[in-house]
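One structure below.
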Amino acid sequence: MITLRRIAAERSGMIFHAASSMLIFFIWRITGMPSPGLLGRLVPLCWLITASVYGKGGIPRLSIYLLAIFTVFSLFWTVDTGFEVIAAACGLMGIFPGLLALSSRKFGIMLAMLPLIPMILLLVPFTGDEPHYAFITERLVNPGTGRFSEYSSQLGDTVAGISHHQSFYPALMIPGYPLSEPGIRGMNILFAMAALVLMSKIFRDSGLKNWKQLTVLGFLLIPGSSILGLVFPGWLALAVFLSAVYAYRRSKKSIWIISAAIILVLIKFRFIGLSIGLLVALIIEFKGRRRLILSATLVCLVTAGLLFDLFILNGRIFWVRYGNMSFIKVLFLQPLFRTPEVLLAAGSSLVDIECGMLWKAPWVLAGLAGIQLLRKFDRNLFIWLGLPALFYFLILIFWNPAEWSGMPGPVGRMLLPLLPVLLASLGLVLKRKGVQILIWVSLGISAVLFTHPILRFNFADGSDSLVSRISGQFSRITELLPSTVRLDLPIFLGWIILAGIIIMFFKRRSRFAEYTVTSVFIALCLFGGLEKKSWEAEDIPSEYRNYCTIYPDETGLELRKFWFFSREKMLRLSQVEDAVILPVPENAGDSLRLTVFHSSFSSGADTGIEISCGEWCDSVYASSEVMETPRWVLIMRDTRLPVMPENLKEIRSEFIVPLNDCTESIRITPLGLDGRHGRFNGIYLDRILLR
Amino acid sequence: MSHTSTNKLIFALVISIGVFILHGFSFFTIAICLYTAGTALLKGPRAVTYFTVISGGLSLLFVSGTGGPALLTIGAVLAVVLSDSAASRYLFFLSAVCILLTGAIDGILPLTAAVLVASVFKRDKWRALILAGGVSALLIISGLPSSKEPGSFVSEEILRDGKVLWTEPAQVNISMPELILQAPGIDAAFITLKVSAGGVRDSNLVGYVNSADRTFPVYPGENTLIIEEPEFPVSIRLSRSWKPFSHPVIHFESAEAIF
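Residue numbers (my numbering), protein chains in the order written: chain A, 5 to 695; chain B, 5 to 263.
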């Protein structure tokens, strides 16, 4: 009896996790929540695995609270469609305190990752670049078989025989190939584990007190969690980068850094920024004559590498894509002609609703606040983690300001190399007031993306899948959130300034930090809950329109890749039956000012739009001209913009709608559709304002 | 009252004024204000304060729906268990009462009663026990809380080549018990619907497809329904309500109407 009591006391954490696993399983079934067969089993399984690896230790208090939140949310899941998402996320999040507690044990970091593995392997759709890399692995092992060949339509560049993806990374996944998708993903889990172990050792060596917890946070938080265990090269690159830093800081042998710099380029050319950063850090480390010799050696090595690529590899790594005039033109076009886009891309990495870290990982604000402290705390660590991250980020933004985020890949995957420096900085401000709320909100978002991985994917159309799922179609909040695609400059700049203020408060240890974060959140919700008076046409729900189509209707981004003026989708009214029927806002008064932003082809016939409300009706006939080709496009190639909807100038039509006879809805219909423009025939609505 | 508490109360007051100015007076906005005051006076773990702030804030986003009142109720239930301040607990209880008076959510009376009883007790274990009892009573007496006006979803229709198509898959479950297909201005000859149903432990009816006064049953498994001369809107409805260990669902796959 005494023994049993002692076991219960010593292993109360383990018993709690096991019991909670059963509790969640039964609550899921009693409340009838959706997906009982998959999510309803995987979440309890995560708790059970946590129990099995937990060992001795008490019950994490936070887990109890999260379990209670899960229970109450699951009771209310039928009330709102967003609640089942929150309930499932809270159910999973309950193990996070346990995982953080586990980190202090032997092999704790690896053990802490185990409970999440089934969820990653079974829930995340095998899509995007993943099947493509798997296909390359397959081609290396077993050319002719076709396990992954059905995805061959996703092959990248059209250059014959030259794939957009390099073969080095797929080659490293060969050991996992016999086990198919789980095997290939399993290899990536190993890469992530290696990177995390190295990161923890670097943190430990530099004297960060909470190094184990920080490392676990590294894979629980976005950007770490976004591609954890998925077939993307980010974690492997991080492992190579961190192994070089760790080995060099211990042995002071520059061969580690040079080798890593070469390997990073072989993994994916995108990581050249990390290579450059590592080499620059190495040069900074060296003094006097040694620095000169090293610089000369590096120049020789780069030249040799380029010649090797040109003559031996037929330019597969560099020359095919970058050894041409267009590449050189881009180098000077970006800073001279596309400065606003480059700056916007830099800002969007923080505040954009689809891919910005502020919305997916607000802990990054605290991380940024701690960067200066890191410089003072350990300048060497700051240089070794910070410089590669900085070079990587700048090259990423500079090279492709419109597509740096890699959408529709999982949000944050491109920013993974910034993780070590941000985590190290976070470690120095972890105890400050308000930082914990940012971390727990970030963990919550991460848990949502673990349980509903489909919400990781955004399509660069200005709307975020997570916000849309939680707030619904009728919320005004989307008007207040910053988006690069649906750019509203005051909102965008306002959020950057706000983020800057919050970072400054955290940095100065101000008591206002917590109040500011809370105020911003409350104000956003307060104004976001007001009645919607502005509609992005493509967001208008189907109950407010008759037919109409979204242009372009494909979800892929490729089609909008060369839209220079805006990458927003549009609502197309191309048949007489098509119409938009919007409700008249409450408290609208006697009249309403309706502004419609639209474009249509010049067809010679009278094309336009008609607005009607009860007995009243008015119309405007207008057609759009094609926009002028941006100058940088003309420099790149002597070309004219094709006459397509995305290149048309926008028409702004204003109507004053009397509301005396009309109280219910306003109808917008197309006029004069003659079908002369074939598949592009129609009126393209962009935005509708009701004031 | 401490300096921090005064600051928090002023902060709550500012939020309340903002809520009244922007959203007007209603039981819901009064509930928000009481909830905010309760949060300001809350004494307990920091995590609980964070949770009440987040759920209170998010409830503002759902002013027009039932999500907002539900979030406030959830926040109030948890705060009553975990707050050591009696004043704060009473405020949360009053907030829950206001939500009850809005009538937005069906079946929360047992839970509100449990919140009242629990808020009186000093020991958190008793409060937790009473609320657990309240939850059990809720399930036994009124079942899961549900929205007063059950949600429906209008599927997106596409007009192409003499056909109206609905290609977007959707789920009809207890949370969203109705899916509507509409084809304005079209007199269709017939409509073909592909739906599958499941999540139940018997082979009885899961839901039905409704077109004017005609009703077609949907049984567990794959169903292809062809309705001649349908009258729009055609709706797909769940016929089952909540029952433990049952997860009724109708997966709408696609539909096609030819005219």
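Don't be surprised by glycine CBs; every beta carbon is placed ideally from N, CA and C.
Given the structure is predicted, the values throughout are model-derived calculations rather than measurements.
Check your understanding: Straight-line CA distance for residue 652/A to residue 26/A?
Key -> Going by the C-alpha atoms only, they are around 59 Å apart.
**Study point:** For residue 225/B, the nearest candidate out of 247/B, 129/B, 252/B, 157/B (CA to CA)
**Key:** Comparing Cα-Cα distances from residue 225/B to each of 247/B, 129/B, 252/B, 157/B, the minimum goes to 252/B.
Exercise for review: Verify the CB distance criterion: does residue 546/A have a CB-CB separation below 7 Å to chain B?
Suggested key: Answer yes: the Cβ-Cβ gap between residue 546/A and chain B drops below 7 Å somewhere.
Practice item. For residue 40/B, collect the residues of the same chain with a Cβ closer than 6 Å to its Cβ; drop the 5 residues on either side in sequence, then sort them by chain order. Key: 16, 19, 20
Check your understanding: Can residue 4/B and residue 222/B be called in contact, C-beta distance under 7 Å?
Key -> Because residue 4/B is not part of the residues shown, which for chain B are 5 to 263, the question remains open.
Practice item. For residue 659/A, write down the residues that DSSP places opposite it in a beta bridge. Key: 598/A
Exercise for review: Spell out whether any CB of chain C is found under 7 Å from the CB atom of residue 579/A.
Suggested key: Of the protein chains in this structure, namely A and B, none is chain C.
Review point. By the criterion of Cβ-Cβ separation under 8 Å, what are the contact partners of residue 162/B in chain A?
Key: Within 8 Å of the CB of residue 162/B, the CB atoms of chain A belong to 551, 553, in sequence order along the chain.
**Study point:** Environment of residue 88/A [buried if 16+ CB atoms lie within 10 Å]
**Key:** In summary, residue 88/A is buried, with 16 or more beta-carbon neighbours lying within 10 Å of its beta-carbon over all protein chains present.
Practice item. Taking the CB atoms as reference points, tell me whether residue 42/B and residue 95/B lie closer together than 7 Å. Key: With a cutoff of 7 Å on beta-carbon distance, residue 42/B and residue 95/B are scored as near each other.
Check your understanding: By Cβ distance, which residues of its chain are closer than 7 Å to residue 655/A, with the 5 residues on each side in sequence left out?
Key -> 602, 603, 626, 628
Review point. Beta-carbon separation of residue 415/A and residue 230/A under 7 Å?
Key: The Cβ-Cβ distance between residue 415/A and residue 230/A falls below 7 Å.
Practice item. Return the residue from the list 662/A, 469/A, 143/A that minimises the CA-CA distance to residue 452/A. Key: Of the listed residues, the one whose Cα sits closest to residue 452/A is 469/A.
Exercise for review: With 8 Å as the limit, tell me which residues of the region 39-59 of chain B have their beta carbon closer than that to any beta carbon of chain A; keep them in chain order.
Suggested key: 49, 50, 51, 52, 54, 55, 57, 58
Point to revise | Residue-level contact to chain B via CB, residue 682/A, 7 Å cutoff | key: no
Review point. Going by Cα to Cα distance, which pick from 190/B, 250/B, 217/B, 165/B is closest to residue 207/B?
Key: 250/B
Review point. Where does residue 182/B sit, in a helix, a strand or coil, going by DSSP?
Key: strand
Check your understanding: So which residues on chain A does residue 255/B lean against when the C-beta distance must stay under 8 Å?
Key -> Here the premise fails: no neighbours, minimum Cβ distance about 11 Å.
Exercise for review: Would you kindly check if the distance between the Cβ of residue 194/B and the Cβ of residue 161/B is under 7 Å?
Suggested key: no
Review point. Residue 159/A by DSSP, collapsed to three states: which one?
Key: Legend: pLDDT at residue 159/A = 47, less than 50; position of this residue unreliable, value from coordinates given subsequently. Residue 159/A falls in the coil class under three-state DSSP.
**Study point:** In DSSP terms, what residue 1/B is bridged to
**Key:** Because chain B spans 5 through 263 in this model, residue 1/B falls outside it and cannot be assessed.
Check your understanding: Are the C-beta of residue 189/B and some C-beta of chain A separated by less than 7 Å?
Key -> yes
Exercise for review: Pull up the CB-CB distance for residue 359/A and residue 462/A, whole angstroms please, since I reckon it's below 8 Å.
Suggested key: 7 Å
**Study point:** Contact list for residue 519/A against chain B, beta-carbon separation under 9 Å
**Key:** 11, 15
Practice item. Kindly indicate if chain B contains any beta-carbon less than 7 Å away from that of residue 80/A. Key: yes
**Study point:** Closer than 9 Å at the beta carbon, the chain A residues around residue 26/B
**Key:** 530, 531, 533, 534
Practice item. Look at residue 373/A and residue 568/A and say whether their C-beta atoms are less than 7 Å apart. Key: no
Review point. Looking at the structure shown, is residue 216/A part of a helix, part of a strand, or coil, going by DSSP?
Key: helix
Check your understanding: Whose Cβ in chain A lies nearer than 7 Å to the Cβ of residue 149/B?
Key -> 79, 80, 83
Review point. Hey, how far is the Cα of residue 4/A from the Cα of residue 650/A?
Key: Past the boundaries of the shown model lies residue 4/A; chain A is included only from 5 to 695, so the question cannot be answered.
Practice item. Starting from residue 205/A, follow the alpha helix (DSSP H) in both directions and report where the run begins and ends. Key: 184-209
Exercise for review: Would you mind sorting residue 574/A into buried or exposed? The rule is 16 or more other CB atoms within 10 Å of its CB.
Suggested key: buried
Check your understanding: Cα-Cα, which of 543/A, 357/A, 420/A, 399/A is closest to residue 459/A?
Key -> 357/A
Check your understanding: Below 7 Å between beta carbons: does that hold for residue 51/B and residue 396/A?
Key -> no
Practice item. Please say whether residue 55/A and residue 18/A have beta carbons closer to each other than 7 Å? Key: Yes, these two residues count as a Cβ contact at 7 Å.
Exercise for review: Compute the Euclidean distance between the alpha carbons of residue 51/A and residue 287/A, then round it to the nearest angstrom.
Suggested key: 48 Å
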